[in-house]
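Protein chains in written order, with the numbering used here: chain A, 1123 to 1256; chain B, 154 to 585.
Structure record follows, encoded as structure tokens.
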């Protein structure tokens, strides 16, 4: 049910994101989802990749601070109110979202969620017949 | 044990008398034998006749590190070259090294000072001392060597490096004491642990100096090696290791003040500060013949304590050096030393002890940025987690320094690793 997400700590300086992309490209690793959270002097890149363990290893070798975290990747319909319904179900059971990112393509949308209680979130989502990716 | 109780436990009045006599002699010596000193005293309008007691020392001009470079190599000798029997030199971070010449008596007095140090660490004839300071121009090796022989210990002159051989000798000869830099001691400790030899050693005492080290590091060395770690203080210009030493109470560094007279001055004005004040440490070599230095400015900042120590010695003690006057930053009116930042970083588990301070002035207010590395295992994937670390460190620094810094988090291993003399601060206000 869960998906391994790679997170990379980045100093806020020009070209740092390129460096990560380059290392992954050279290792033949594909990125399927991607988000950057930042404050004024640093950022955290969160990314889903084709081979998380290998990605972690190659980035570590290049000196990056890398972590693997379990997240939930969901496939939902790309229509008004779908996301609201899901979040509402989670909120009703007091599961809150540490962070999330989403993107849509045609009829479908993908949502990556890091809930505070991942097991409980899975239960709720399964009960509501939400489709998991990966 | 006290090596020379008649001097080390001398009452203050007798000590002042001894220092006064010796100061008179050394001033006469430099005035009559060393051109640069005579000139400078003439410029200051002072002659040897004006020096009647140790208090008159304030009339004398200072000597700086720059003087040693300007008169390189033999310009500051106060003895004929025929009397010089040894040379030591310090590497010097800029350009030429600093060269010091010793007469036979200078070496004897240095050995005497070193013997006092080792005795204070509880060492004597019965001990086997491994000297892992570098032998050569550096004063560490030969300085410690002379001290060991003076107290009659078995001396292992192994010099620095070659860790495998260090461990072999230490084990086979059952060395009871190790003399080296504290950072090498840590390295050795780790190597011993890996080799499995650690429990077969007989080490009891560490004689550590030649670089600044924190209390944290002392504890780490003591635990890892199962020894008592003592600080030995010295500087090449003044003679080398043995200028001062800790005693069993470990409450400051006793200075061999009958040989090396310490003063504390205001680094800005050069004025002598009252007893107990923090300021720049200045030394006058009272007995040296080869290259006596009058009021040598060390740039080290500390405080002198004149109370009698519980160990029985009356000799003045100096507190741990707080930093160098060259390094001190005044930020929003508060004195800040990079060494304070380092000490805090050593205490806070989540951070590496590597940092860089940047001070600037924006809208007429000083900015105070410290860039630090988080230990790899403490990086999180949440902004809030990282911000929490920033706040924790900022609060800890605020309580120690009295000023809230802006903490900038760096990527792992992105900061320059210190080799002891790394640049750790940039004051951009000076560039404006």
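Backbone N, C-alpha and C fix where the C-beta goes; we use that ideal spot for every residue, glycine too.
Values in this document were obtained by computation on a predicted structure and should not be read as measured data.
Q) Mind listing which residues of the region 502–534 of chain B have their C-beta closer than 8 Å to chain A's C-betas, in chain order? A) 527, 529, 532, 533, 534
Q.
Check whether the region 173–184 of chain B and the region 215–225 of chain B touch, using three or more Cβ-Cβ pairs below 8 Å as the test.
A. no
Q. Should the region 230–238 of chain B be regarded as contacting the region 467–481 of chain B, the criterion being three or more beta carbon pairs within less than 8 Å?
A. no
Q.
In this structure, how does DSSP classify residue 207(B) when only helix, strand and coil are distinguished?
A. helix
Q: Starting from the beta carbon of residue 1243(A), find every residue of chain B whose beta carbon is closer than 7 Å, and list them in chain order.
A: Neighbours of residue 1243(A) on chain B: none; closest Cβ ~16 Å, over 7 Å.
Q: Verify whether the separation of the beta carbon atoms of residue 443(B) and residue 303(B) is less than 7 Å.
A: no
Q) Roughly how many angstroms separate the alpha carbons of residue 220(B) and residue 1146(A), rounded to a whole number? A) Looking at the two C-alpha atoms, the distance is approximately 56 Å.
Q. Could you give the distance in angstroms between the alpha-carbon of residue 1252(A) and the alpha-carbon of residue 1193(A)?
A. 15 Å
(Q) Ignoring anything shorter than 4 residues, give me the alpha helix (DSSP H) runs that lie fully in the region 516–580 of chain B, in order along the chain. (A) 536–554
Q) Excluding sequence positions up to five away, which residues of its chain have a Cβ less than 7 Å from the Cβ of residue 1227(A)? A) none
Q | 6 Å Cβ shell around residue 363(B) - same chain, five flanking residues per side excluded | A | Closer than 6 Å at the Cβ level, and outside the excluded window around residue 363(B), lie 293, 334.
Q: Helix, strand or coil for residue 308(B), going by three-state DSSP, please let me know.
A: strand
Q.
Once DSSP output is grouped into helix, strand and coil, what is the label at residue 371(B)?
A. helix
Q: Helix, strand or coil for residue 160(B), going by three-state DSSP, please let me know.
A: helix
Q. Among all the DSSP beta bridges, which residues are the ones paired with residue 241(B)?
A. Partner(s): 253(B).
Q: Measure the alpha-carbon distance for residue 580(B) versus residue 518(B) and round it to whole angstroms.
A: 13 Å
Q) Between 227(B), 569(B), 270(B), which lies nearest to residue 154(B) when the distance is taken from Cα to Cα? A) 270(B)
Q. Is the Cβ of residue 566(B) closer than 7 Å to any Cβ of chain A?
A. yes
Q: With 9 Å as the C-beta to C-beta threshold (strictly closer), list the residues of the region 1147–1159 of chain A near chain B in chain order.
A: Hits within the stretch, in order: 1159.
Q: Return the CA-CA distance between residue 564(B) and residue 1181(A), expressed in angstroms with no decimal places.
A: 12 Å
(Q) Since residue 490(B) and residue 568(B) should fall inside the 8 Å C-beta cutoff, what is the C-beta to C-beta distance between them, to a whole number of angstroms? (A) In fact, because the Cβ distance is near 18 Å, the residues do not count as touching under 8 Å.
Q) Would you say residue 563(B) faces chain A, with C-beta separation under 7 Å as the test? A) Interface residue (Cβ-Cβ distance to chain A less than 7 Å): residue 563(B) is classified as such.
Q: Please report the residue range of the alpha helix (DSSP H) in which residue 323(B) lies.
A: 316–325
Q: Starting from residue 488(B), trace the beta strand (DSSP E) both ways and give me its first and last residue.
A: 487–489
Q) Can you name the start and end residues of the alpha helix (DSSP H) that residue 1204(A) belongs to? A) 1204–1214
Q.
The beta strand (DSSP E) that contains residue 1157(A), what's its start and end?
A. 1153–1160
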